[in-house]
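Participant:
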Amino acid sequence: MRLPRFYPIFDNADWLRRALPLGVRLVQIRIKDQSPRKLLGELALCHELCRSHGATLVINDHWQAAIELGCDFVHLGQEDLDTADIAAIRKAGLRLGVSTHDHAELDRALALKPDYIALGPVWPTILKKMKWEQQGLERVSEWRNLVGTTPLVAIGGVTPDRAKQAYAAGADIASAVTDITLNADPEGRIREWLAVAK
Numbered sequence: 055m056r057l058p059r060f061y062p063i064f065d066n067a068d069w070l071r072r073a074l075p076l077g078v079r080l081v082q083i084r085i086k087d088q089s090p091r092k093l094l095g096e097l098a099l100c101h102e103l104c105r106s107h108g109a110t111l112v113i114n115d116h117w118q119a120a121i122e123l124g125c126d127f128v129h130l131g132q133e134d135l136d137t138a139d140i141a142a143i144r145k146a147g148l149r150l151g152v153s154t155h156d157h158a159e160l161d162r163a164l165a166l167k168p169d170y171i172a173l174g175p176v177w178p179t180i181l182k183k184m185k186w187e188q189q190g191l192e193r194v195s196e197w198r199n200l201v202g203t204t205p206l207v208a209i210g211g212v213t214p215d216r217a218k219q220a221y222a223a224g225a226d227i228a229s230a231v232t233d234i235t236l237n238a239d240p241e242g243r244i245r246e247w248l249a250v251a252k
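All residue numbers for the sequence shown refer to my numbering, where the first residue is 55 and numbers rise by one.
(1) Let me check one thing: in DSSP terms, what residues is P62 bridge-paired to?
(2) Given a threshold of 16 other Cβ atoms within 10 Å of its Cβ, counted over all protein chains shown, does T179 qualify as buried or as exposed?
(3) May I ask which residues mark the beginning and end of the beta strand (DSSP E) holding R149?
(4) Between which two residues does the alpha helix (DSSP H) containing I140 stretch?
(5) Measuring alpha carbon to alpha carbon, tell me which of G242, L164, V231, L160 ends up nearest Y61.
(6) Give me the Cβ distance between A130 and L150, rounded to the nearest whole Å; I'm assuming they're in contact under 8 Å.
(7) Once you ignore the five residues that flank D134 on each side, which residues in its own chain have a CB closer than 6 Å to its CB?
(8) For Q132 and R162, what's the separation of their Cα atoms in angstroms?
(9) Is H157 buried or exposed, if buried means 16 or more other CB atoms sit within 10 Å of its CB?
(10) With respect to the beta strand (DSSP E) encompassing A208, which residues constitute its N-terminal and C-terminal limits?
(11) Quick one: complete beta strand (DSSP E) runs, 3+ long, within the segment 81-112?
(12) I'd like the list of long-range same chain contacts for I227, defined as Cβ closer than 8 Å, with 5 residues on each side in sequence excluded.
(13) Is it right to say D126 is buried, meaning 16 or more other beta carbons lie within 10 angstroms of its own, or is it exposed?
(14) What is the rounded straight-line gap between the Cα of A217 and the Cα of N199?
(15) Would you mind giving the Cβ-Cβ distance between A172 and V194, rounded to the nearest angstrom? I have them listed as a contact below 8 Å.
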């Protein structure tokens, strides 16, 4: 299955209510620091919203909840891989995306035969403190050659204009968080993204 080229990441269902009617068809929900009960309820709502719009929902980190809810896709960072039960994830039929930042992490990710590999931060990001400097477009092209046919996601400081550069460098998918959530006109920005990602 070919994944859409625009991949926003949000932290609650309210954002999905805004983005999905505009045509977003691949979205990640990344929720931190919530009680298990509240988390499960929010993820269930996100799952239902995506199903009703024909969109693919990727659950960040919470693979047990993704299995329990019958979701389709989970994203794991390198730290998550230390504790995740990959066999259980695969047995449940979940597709898997994995974050990478260096060659060792890429080798680890590729050994899992993931459904996409994410590389970041391609440009400087304000989302979270990271020990990695910006990867740059040359690294995107390098990863393109190393991952073979596995879809490649560029993340970190990406804007619609930068997404064009990332696609040209070899990324299949471009992901955004604060470029949308901190924008004065999030819906307008999503429309820009969708136009670039056609």
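Where is the CB? At the ideal position from N, CA and C, for every residue including glycine.
Facilitator: Well, looking at it:
(1) Position 8 of the sequence shown, counting from 1, holds the residue named residue 62. P62 has A230 as its beta-bridge partners, per DSSP.
(2) For the purposes of this step, residue 179 is taken as the residue at position 125 of the sequence shown. It is buried - the Cβ of T179 has at least 16 other Cβ atoms within 10 Å.
(3) Reading the sequence shown from its first residue, position 95 is the one you call residue 149. Unbroken beta strand (DSSP E) run through R149: 149-154.
(4) Taking the first residue of the sequence shown as 1, we reach residue 140 at position 86. Here the alpha helix (DSSP H) through I140 covers 140-145.
(5) Here the question's residue 61 lines up with position 7 in the sequence shown. Looking at the Cα atoms, V231 is the closest of the given residues.
(6) Position 76 of the sequence shown holds residue 130. Position 96 of the sequence shown holds residue 150. The sequence as given places Leu at residue 130; Ala does not occur at that position. The pair is a contact, with the Cβ atoms about 7 Å apart (cut-off 8 Å).
(7) Looking up residue 134 in the sequence shown gives position 80. The answer, listed in chain order, is D115.
(8) Counting from 1 along the sequence shown, the entry for residue 132 is found at position 78. Counting from 1 along the sequence shown, the entry for residue 162 is found at position 108. Roughly 9 Å between the two C-alpha positions.
(9) The residue labelled residue 157 in the question sits at position 103 within the sequence shown. Looking at its Cβ environment, which holds fewer than 16 other Cβ atoms inside 10 Å, H157 is exposed.
(10) Your numbering for residue 208 matches position 154 in the sequence shown. From DSSP, the beta strand (DSSP E) with A208 extends over 206-208.
(11) DSSP runs (the beta strand (DSSP E)) wholly in the segment 81-112: none.
(12) The residue labelled residue 227 in the question sits at position 173 within the sequence shown. Only L57, P58, R59, F60, Y61, L80, Y170, P205, L206, V207, A208 meet the Cβ criterion.
(13) Numbered from 1 along the sequence shown, position 72 holds the residue referred to as residue 126. The residue in question, D126, is buried, as its Cβ has 16 or more Cβ neighbours within 10 Å.
(14) Locating residue 217 in the sequence shown gives position 163, counting from the first residue. Locating residue 199 in the sequence shown gives position 145, counting from the first residue. If I take the Cα positions, the gap works out to 18 Å.
(15) Indexing the sequence shown from 1 puts residue 172 at position 118. Indexing the sequence shown from 1 puts residue 194 at position 140. In fact, because the Cβ distance is near 11 Å, the residues do not count as touching under 8 Å.
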